[in-house]
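Numbering-wise (my numbering), the sequence shown opens with residue 9 and increments by one. Reading through the structure tokens given below for one structure.
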Amino acid sequence: MREDSEQGKSTLLERMERTGDGRNIEPALGLLEGEGAQQRVRGAPEPRRERRKTEHAIASRAETADPLHPSYYGLPVIKETVWIWTIPLYFHVGGLAGAASVLGVSAELAGGRRFRRLRARTRWTGAVGDAVSAVLLITDLGRPERFLNMMRVFRPSSPMSMGSWVLSVSGAANGLAAVTSGFEGGVLGRSGDAASVVGGVLGLPLAGYTAVLLANTAVPVWQGTRFGLPLLFMSAGVASAASLLSLLPGTRAEGRALHLYGTVGSAAALAATYAVEREAARSESVSKHLHAGVGGALWRAAKACTAAGLALSLLPGRTRAKRVAASVLTQLGSLGMRYGIFYAGKASARDPQATFRAQREGLGAAEVQGQVGPRPDLRPDRFPLPVVR
Numbered sequence: 009m010r011e012d013s014e015q016g017k018s019t020l021l022e023r024m025e026r027t028g029d030g031r032n033i034e035p036a037l038g039l040l041e042g043e044g045a046q047q048r049v050r051g052a053p054e055p056r057r058e059r060r061k062t063e064h065a066i067a068s069r070a071e072t073a074d075p076l077h078p079s080y081y082g083l084p085v086i087k088e089t090v091w092i093w094t095i096p097l098y099f100h101v102g103g104l105a106g107a108a109s110v111l112g113v114s115a116e117l118a119g120g121r122r123f124r125r126l127r128a129r130t131r132w133t134g135a136v137g138d139a140v141s142a143v144l145l146i147t148d149l150g151r152p153e154r155f156l157n158m159m160r161v162f163r164p165s166s167p168m169s170m171g172s173w174v175l176s177v178s179g180a181a182n183g184l185a186a187v188t189s190g191f192e193g194g195v196l197g198r199s200g201d202a203a204s205v206v207g208g209v210l211g212l213p214l215a216g217y218t219a220v221l222l223a224n225t226a227v228p229v230w231q232g233t234r235f236g237l238p239l240l241f242m243s244a245g246v247a248s249a250a251s252l253l254s255l256l257p258g259t260r261a262e263g264r265a266l267h268l269y270g271t272v273g274s275a276a277a278l279a280a281t282y283a284v285e286r287e288a289a290r291s292e293s294v295s296k297h298l299h300a301g302v303g304g305a306l307w308r309a310a311k312a313c314t315a316a317g318l319a320l321s322l323l324p325g326r327t328r329a330k331r332v333a334a335s336v337l338t339q340l341g342s343l344g345m346r347y348g349i350f351y352a353g354k355a356s357a358r359d360p361q362a363t364f365r366a367q368r369e370g371l372g373a374a375e376v377q378g379q380v381g382p383r384p385d386l387r388p389d390r391f392p393l394p395v396v397r
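Okay, here's the thing in structure tokens:
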């Protein structure tokens, strides 16, 4: 009996320590092991006080809730993404590198020795872009080992798994193609040409898989624009790659090829922007986040920069000042578009109505299941209780 009493007191003491610690871990079910076990919990709120605060917030939100569009006590349904600022920059750099690799293979197949300098520059652009993309991704992950752990699985149904493999293989292929770009013929030259083809084949998947990754989440803005977003990311990558390479001196044939490549990319990016807006307009709760707040401001600025860069590049004249201005505007438009989509998605995740209203309007999971259009409300008006006599 005494041992049982002491065990009960010890258990109570352990519960009090867990309450103050804030971890809420039951020792009978889980142990504090691993790299995060020794982390200190500072400023952990008392459970009772935190519970009262949460109940008060739920009650106040419930009082001001819209009866026509009910939600979960006015609280967000999904969690906001924890990605940091390096992820949109990774989207931009990866798209630029992938589009540059595609341009290099196209120039090699179409022009041969005429585009020798352009071919070498595209190889180095792809290799450096892949390396910078890996650094940006690892910066968000926090530890390099976490990126290596993503390579342990090859899952074609997962955009994240496939994207990790595409980035790794593309980086290796572009790196080999870059260091052998000065060799013509021989084992090294043929190896570099083969590696360049591999990098070019993986270029468009590298430029567009990030949009597929966003579209496969539950974030309303990203999920609601899943058809147009990959086209927008790939076309913006083409425009940014051409604008960057056009800043370097080259032959007249290379300049014409870059001008055509960039013009097609910018025009396609503007068309894809319009398509994304039309797709988001199917739900008002989704579309408003694409035009409001920080994300909306960046989105509008990106459209203006892309349109201005395209218009400036189409003006007659071959001055360097005009070329530099058009390239800078195109780069800002491509980069701002990524950040605009990123912050618009974060804002929609915080919106309690964005997820519910889109689902009730027949979008999201309901659309995937073939239930197009608003879903009928099957909730009964009354809940009759049985009468016990």
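Glycine included, each C-beta is placed from N, C-alpha and C at the ideal position. The structure presented is a predicted model; accordingly, all values stated were derived computationally and were not measured.
request  = Sort Leu256, Glu192, Gly102 by Cα distance to arginine 129 and report the nearest one.
outcome  = Leu256
request  = Pull up the CB-CB distance for alanine 277 and alanine 244, whole angstroms please, since I reckon it's below 8 Å.
outcome  = 5 Å
key: isoleucine 349, buried or exposed, once every other Cβ within 10 Å from all chains shown has been counted against 16   = buried
message = Does arginine 365 come out as helix, strand or coil in the three-state DSSP assignment?
response = helix
Inter-residue spacing [alpha-carbon to alpha-carbon] between leucine 253 and alanine 186 = 15 Å
message = What does the alpha-carbon distance come out to for the pair histidine 267 and lysine 311?
response = 20 Å
ask   = If we ignore side chains and look at the alpha-carbon of each, how far apart do arginine 260 and arginine 125 end up?
value = 12 Å
inquiry  = I want to know whether the region 202-211 touches the region 175-192 - three or more CB-CB distances under 8 Å.
reply    = yes
key: Backbone secondary structure at glycine 197 - three-state DSSP   = helix
message = Tell me the rounded alpha-carbon separation between glycine 112 and valine 332.
response = 22 Å
key: Beta-carbon gap between alanine 94 and aspartate 148 smaller than 8 Å   = This sequence places threonine at residue 94; alanine is not what is there. Contact: yes.
task = Indicate whether alanine 215 and glycine 344 have their beta-carbon atoms separated by less than 8 Å.
result = no
inquiry  = Check whether the region 225-239 and the region 350-359 touch, using three or more Cβ-Cβ pairs below 8 Å as the test.
reply    = yes
inquiry  = Just to confirm my understanding: we take glutamine 15, look at its own chain, exclude 5 residues before and 5 after, and list those with CB closer than 6 Å. What are they?
reply    = Because the pLDDT at glutamine 15 is just 46, under 50, the model does not fix this residue reliably, and the point stays unresolved.
message = If you reduce the DSSP assignment to three classes, tell me which class proline 228 lands in.
response = helix
Tyrosine 217, buried or exposed, once every other Cβ within 10 Å from all chains shown has been counted against 16 = buried
query = Roughly how many angstroms separate the alpha carbons of lysine 296 and isoleucine 86, rounded to a whole number?
reply = 18 Å
request  = Give every residue of the same chain whose Cβ lies closer than 7 Å to the Cβ of proline 96, excluding the five residues on either side of it in the sequence, and list them in chain order.
outcome  = Arg346, Tyr347, Phe350
inquiry  = Rounded to the nearest angstrom, what separates threonine 327 and alanine 334 at their Cα positions?
reply    = 11 Å
ask   = In or out: leucine 340 buried (at least 16 other Cβ within 10 Å) or exposed?
value = buried
key: Short Cβ contact (8 Å threshold) for alanine 265 with alanine 115   = yes
inquiry  = According to DSSP, is proline 324 part of a helix, a strand, or is it coil?
reply    = coil
key: Option in Pro84, Val174, Ala288 with minimal Cα separation from glycine 236   = Ala288
query = Is serine 165 helix, strand or coil when you go by DSSP?
reply = coil
inquiry  = By the three-class DSSP mapping on this structure, what secondary structure does serine 293 have?
reply    = helix
task = Just the C-alpha distance for alanine 305 and glutamate 292, rounded to the nearest angstrom, thanks.
result = 18 Å
ask   = What is the DSSP secondary structure of methionine 170, counted as helix, strand or coil?
value = helix
task = Answer yes or no: do valine 175 and glycine 263 have a C-beta to C-beta separation smaller than 8 Å?
result = Note that residue 175 is leucine in the sequence shown here, rather than valine. Their beta carbons are not under 8 Å apart, which means leucine 175 does not touch glycine 263 by this criterion.
ask   = tyrosine 282: buried (16+ other C-beta within 10 angstroms of its C-beta) or exposed?
value = exposed
task = Tell me whether valine 110 is buried or exposed, calling it buried when 16 or more other Cβ atoms sit within 10 Å of its Cβ.
result = buried
key: beta strand (DSSP E) runs wholly inside the region 200-272, at least 3 long, in chain order   = none
ask   = Exposed or buried, glycine 325, counting other C-beta atoms within 10 Å across all chains shown (16 or more means buried)?
value = exposed
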